[in-house]
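For the sequence shown, the UniProt record's numbering begins at 1 and goes up steadily by one.
A virtual CB, placed ideally from N, CA and C, is assigned to each residue, including glycine.
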Amino acid sequence: PDHNVYIPTTPHEQLAYDIACVNNKLFSSLSLDDFIDKKFDSKNLTSIQQFFDRTQNFVQTSIFSKSNVQDRSDAITFFIHVNEELIKLSDWNGYFSVNCALGSTPIMKLRSAWKLVEREELDSYLDQCEIKVTDMNTLCEEPHSIPFLGPLQTRLIQSEQLSRDGINENDQMVYDIERRNMEMNILSFVQRLQKNSRP
1 PDHNVYIPTT PHEQLAYDIA CVNNKLFSSL SLDDFIDKKF DSKNLTSIQQ FFDRTQNFVQ
61 TSIFSKSNVQ DRSDAITFFI HVNEELIKLS DWNGYFSVNC ALGSTPIMKL RSAWKLVERE
121 ELDSYLDQCE IKVTDMNTLC EEPHSIPFLG PLQTRLIQSE QLSRDGINEN DQMVYDIERR
181 NMEMNILSFV QRLQKNSRP
């Protein structure tokens, strides 16, 4: 699928599938080379973050582009359904990008539009919001799951911080152990990702 082309009138199942396909392709491209020497600006990691941001912006723009309250409410409902499909597809990076957009301050301020969302969809949205970043280790054990990039970024930042913090000789052993554990966590993440990637 084309990363740049999305049509707001596309069925929500198709849009969710397209998002999941792009995320799967991007995450499948990751390798240990992306994490050696903490390459925060590696092409693959940057592409994942950019697609996350573009998906989030697309959701917000699609809602705000509607000219009346009912249309905005329908757009909110549409993306709630998109997220339902992303959950079924176990695309957690896609899920969090859409969920972050729906939960953003500008969208949440559209109170009149939210009031017109049916109760069933509101309940679904609230259930979706119960999925936390801390659940990712368990959720990503599912076959063919696409993880959320956030926890990985946290590991990279922690690893970078370990190398920047000044340490003395007495702390060297602790530092070496912590850094090794961090590297093993990242290695485990990449191996699990490669195992779970869709063909």
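query	result
Span of the alpha helix (DSSP H), counted from its first residue to its last, around Glu120	Arg119 to Cys129
Local Cβ density within 10 Å of Glu85, reported as buried at 16 or more and exposed below that	buried
Own chain partners of Ser42 with C-beta closer than 7 Å, once the 5 adjacent residues on each side are dropped	Asp34
For Glu118 and Ser97, the rounded distance between their alpha carbons	22 Å
DSSP beta-bridge partners of Ile146	Asp91
Expected contact under 8 Å - CB spacing of Tyr125 and Leu102 to nearest Å	7 Å
Endpoints, alpha helix (DSSP H) assigned at Leu15	His12 to Ser28
Nearest candidate by alpha-carbon position, reference Pro106, set Phe78, Ile87, Ser65 and Asn93	Ser65
Option in Glu121, Thr77 and Cys21 with minimal Cα separation from Ile146	Cys21
Straight-line Cα distance separating Leu32 from Phe58	31 Å
Contact check, Ile87 vs Ile131, beta carbons under 9 Å	yes
Option in Asp123, Glu13, Asp74 and Asp53 with minimal Cα separation from Asn93	Asp53
Boundaries of the alpha helix (DSSP H) in which Leu45 is found, first to last residue	Lys43 to Phe64
Coarse secondary structure for Lys132, derived from DSSP in three states	coil
C-alpha distance - residue 212 paired with Lys115, whole-angstrom precision	Missing from the structure shown is residue 212; the chain here goes from 1 to 199 and no further.
Closest residue to Asp74 among Leu122, Phe148 and Lys25 (Cα-Cα distance)	Leu122
Length of the line joining the Cα atoms of residue 206 and Gln128	Lying before the first or after the last residue shown, residue 206 is absent from the chain, which here runs from 1 to 199.
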